[in-house]
Structure formats: structure tokens, C-alpha cells
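Participant:
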Ligand SMILES: [Zn+2]
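Residue numbers (this note's numbering): 619 to 964.
Structure below.
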């Protein structure tokens with residue numbers, strides 16, 4: 619009888635209890651896995667829906683650099699602004715809204731990179747960047763910007779600017795995985811300049827001399843500035859008090875040396891030799907890419923291009939976009955050996 623009970627117990631254990639135990643474990647495992655999968659799917663859907671929502675709203679989650687301190691140079695007020703909202707104000711101040719979208723997108727990436735570079739290399743004690751184009755980067759309030767546009771173009775212009783910023787959200791230009799010092803200017807006169815010829819220093823490997831076709835189609839390409847002898851002396855005297863020019867001697871006003879890009883490196887004004895960059899500043903010329911001629915007691919400077927000539931030319935960017943270049947093509951043209959990356963990935 620005892621044996622029968624033992625056999626019966628073994629039978630029950632083998633055929634009922636063990637299978638139940640194992641089947642329970644298998645079931646648990648399967649259940650866990652299926653729940654995990656389901657949960658992962660839900661997370662993925664949630665991520666997608668968050669991403670879609672963010673894309674629709676044009677919002678990008680910056681791990682850092684999401685906000686910055688903007689100095690309003692006229693009032694001295696420092697305002698905390700969101701990076702991409704700030705960039706709409708910058709792009710609309712820096713580039714005409716009727717430029718090609720790809721040029722505006724290139725400008726947005728360049729301005730974002732320039733801003734982040736400035737956050738990391740502060741020029742001002744109490745802020746990251748200021749709104750003065752001659753110091754940091756141009757900025758205009760949305761209200762002022764809209765008011766200066768023709769009324770029927772206001773909405774579409776602003777939407778185009780926002781699209782340029784939102785389509786490139788998070789994108790920056792890097793060299794060796796660091797945001798670059800992304801200089802830009804209005805018109806290169808067909809060829810850009812290296813920074814050493816403008817500000818001295820050692821330069822940057824990504825800022826080289828490059829040629830761009832099509833810039834002569836823009837009004838910023840060519841200009842002239844004419845001075846009387848007294849006007850010229852007066853302007854040069856603000857820096858060179860002892861200046862003396864013999865206007866009867868054609869050799870007394872003479873370009874002595876050009877940079878590799880064809881800009882004036884040194885020019886002789888009588889008893890002084892002055893750099894092209896300083897001449898531009900003293901005489902208010904549009905660039906240091908000029909020729910000089912004298913006629914009828916007047917001195918005329920024929921100038922090519924507008925701005926310092928370093929980095930991206932804005933009219934060059936638009937000319938390239940008109941020929942089918944994308945924003946990234948434009949960036950790779952003006953900045954050597956760089957990459958366009960998501961700022962959260964560097
Ligand atoms: Zn500044």
C-alpha cells in the first residue's frame with residue numbers, strides 16, 4: 619500500500635506538478651517578453667509621437683545651448699532668449715528673405731554655429747552675444763522686421779525664415795568635432811579672404827581662400843567712393859596726424875602689395891604706408907578689395923565686394939543655391955574640411 623502511495627505521488631509529480639511548474643515558468647517568460655515588446659513598442663510610439671510633435675512645433679531639445687544671454691547694445695539690457703527663436707531674428711536681420719531657401723538654411727546653420735562659438739568664447743562679460751553686427755551678429759525684433767517688409771509679404775517672409783531655422787534645428791558646423799568660428803560677410807567680390815589678412819592672428823584651417831561664381835549679379839559686388847584731396851587728407855588724419863600727400867606725384871598714392879586673394883595689403887599715402895583693411899575702415903569703403911585712381915583733383919576708389927571677405931559670402935550662398943546647391947553644399951564650399959553635425963552629438 620505504501621509503495622502504491624509513493625508510485626502515485628511520483629506519477630502526480632512527474633505528469634502534473636513538474637509540467638505545471640515548467641509551463642508556468644515558460645509562460646512567465648513568454649508573458650514578460652511579450653509585455654516588454656509591447657512596452658517597447660509603446661515607448662517607440664511615444665518617442666515617435668513626441669518627435670513628430672516636436673518637429674511640427676519646430677522645437678528641438680537642446681542638451682545645452684538651448685538658451686542664451688543676448689545683450690541689446692543700445693540699451694545695455696540683457697535678455698534670455700531661446701536659441702532657435704533668436705536665430706529667426708538673426709537670419710531675418712542678416713539675409714534678405716527673398717534669397718533662396720537653401721541660402722537661408724545655410725545662413726541659419728552658420729549663425730547657429732557662430733552663436734555657439736560665441737557662447738563658448740565669450741566676448742562680453744555679462745552676456746553670450748550682442749545684437750551689433752559690427753561686434754557680434756545682427757539682430758532685429760520680429761515687430762521691427764515685419765514693419766520693414768511690404769505688408770502682403772510679411773507673413774510668408776517670416777514663415778520662410780522660420781522654416782530655414784526649423785529645417786536645420788540643432789545643426790552646426792564642426793571641425794575636429796568642435797563648432798567652428800563661422801565668419802560670414804555680404805559679398806566676397808568673387809573670392810574670399812583668410813582671417814590673418816583682416817585681423818592678424820594665426821587663422822583657422824577651415825577658413826581658406828575660395829572662389830565663387832555669380833556674385834557679380836548682386837548690387838553689393840561693385841561700388842565706388844570718390845573724395846576730394848581735402849576730404850581724403852581729413853579722413854586719413856584721424857589716425858595719421860602727420861599725413862602729407864603730393865597729389866601732383868602719381869607715385870604718392872600707390873598700392874604696394876596685394877594679398878593672395880587680390881585685396882590690398884599695403885597702400886602708400888604720401889609719407890605713410892597703410893594696410894588695406896585700415897584704409898577701408900578710415901575711408902568707409904565696402905571692402906579692402908579696391909583699385910585707386912586720380913582724376914580732376916579727385917581720388918576714386920573702385921571697390922569689389924562688401925565686408926571683410928572671410929568665411930561664407932551671403933550673396934555667394936544665394937548664387938550657389940540658384941544653381942541648385944543645398945545648404946550643406948554651400949557650407950562645404952566656404953568652410954574647408956568641416957562637417958555639419960547635430961549639436962547634441964558632439
Ligand atoms: Zn558683441
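C-beta atoms are modelled at their ideal positions from N, C-alpha and C, and glycine is treated no differently.
Computed from a predicted model, the values in this text were never measured in an experiment.
Skipping 5 residues on each side, what residues in its chain have a beta carbon closer than 7 Å to that of residue 890?
Facilitator: 858, 861
Participant: Can we count residue 741 as close to ligand 1, meaning its CB is less than 6 Å from some heavy atom?
Facilitator: yes
Participant: Does the beta-carbon of residue 892 have 16 or more other beta-carbons within 10 angstroms, so that it is buried, or is it exposed?
Facilitator: Burial call: buried.
Participant: What whole-angstrom Cβ distance do residue 846 and residue 902 have, given they're in contact under 8 Å?
Facilitator: Actually they are not in contact, since the Cβ atoms of residue 846 and residue 902 sit about 15 Å apart, beyond 8 Å.
Participant: Measuring straight from C-alpha to C-alpha, what distance separates residue 800 and residue 955?
Facilitator: Residue 955 has its alpha-carbon roughly 13 Å from the corresponding atom of residue 800.
Participant: If I follow the unbroken beta strand (DSSP E) through residue 871, where does it start and stop?
Facilitator: 871-876
Participant: Should residue 922 and residue 907 be called a contact, given that it needs their Cβ atoms to be closer than 7 Å?
Facilitator: yes
Participant: Using 10 angstroms around the beta-carbon of residue 831, count the other beta-carbons present and answer buried if the total reaches 16, otherwise exposed.
Facilitator: exposed
Participant: Looking only at its chain, what residues have a beta carbon closer than 7 Å to the beta carbon of residue 785, apart from the 5 residues adjacent to it on each side?
Facilitator: 723
Participant: Take residue 829 as the anchor and find which of 705, 937, 711, 678 has the nearest alpha-carbon.
Facilitator: 937
Participant: Going by DSSP in three states, residue 784 sits in which element: helix, strand or coil?
Facilitator: Helix, per DSSP.
Participant: Can you grab the Cα-Cα spacing for the pair residue 868 / residue 917, in whole Å?
Facilitator: When rounded, the separation of the alpha-carbon atoms in residue 868 and residue 917 is 11 Å.
Participant: DSSP puts residue 823 in a beta bridge; with which residues?
Facilitator: The partner list for residue 823 (beta bridge, DSSP) is empty, contrary to what the question assumes.
Participant: Does the pairing of the stretch 788-806 with the stretch 727-744 give three or more beta-carbon distances under 8 Å?
Facilitator: yes
Participant: Here's a check: name, in chain order, each residue in its chain whose Cβ is nearer than 6 Å to the Cβ of residue 1002, leaving out the five neighbours to either side.
Facilitator: The chain is shown only over 619 to 964; residue 1002 falls outside these bounds and no answer can be derived.
Participant: Thinking C-alpha only, which one of 820, 766, 874, 941 is nearest residue 833?
Facilitator: The residue with the shortest Cα to Cα distance from residue 833 is 941.
Participant: Residue 693 by DSSP, collapsed to three states: which one?
Facilitator: coil
Participant: Counting only runs that start and end within the stretch 797-859, where is the beta strand (DSSP E) found for 3 or more residues in a row?
Facilitator: 840-846
Participant: In whole angstroms, give me the CA-to-CA distance for residue 927 and residue 679.
Facilitator: 34 Å
Participant: Tell me whether residue 706 counts as near ligand 1, meaning its Cβ is closer than 6 Å to at least one heavy atom of that ligand.
Facilitator: Distances taken from the Cβ of residue 706 to the heavy atoms of ligand 1 include none shorter than 6 Å.
Participant: Looking only at C-alpha atoms, which of 755, 912, 946 sits nearest to residue 871?
Facilitator: 912
Participant: Looking only at C-alpha atoms, which of 884, 684, 773 sits nearest to residue 698?
Facilitator: 684
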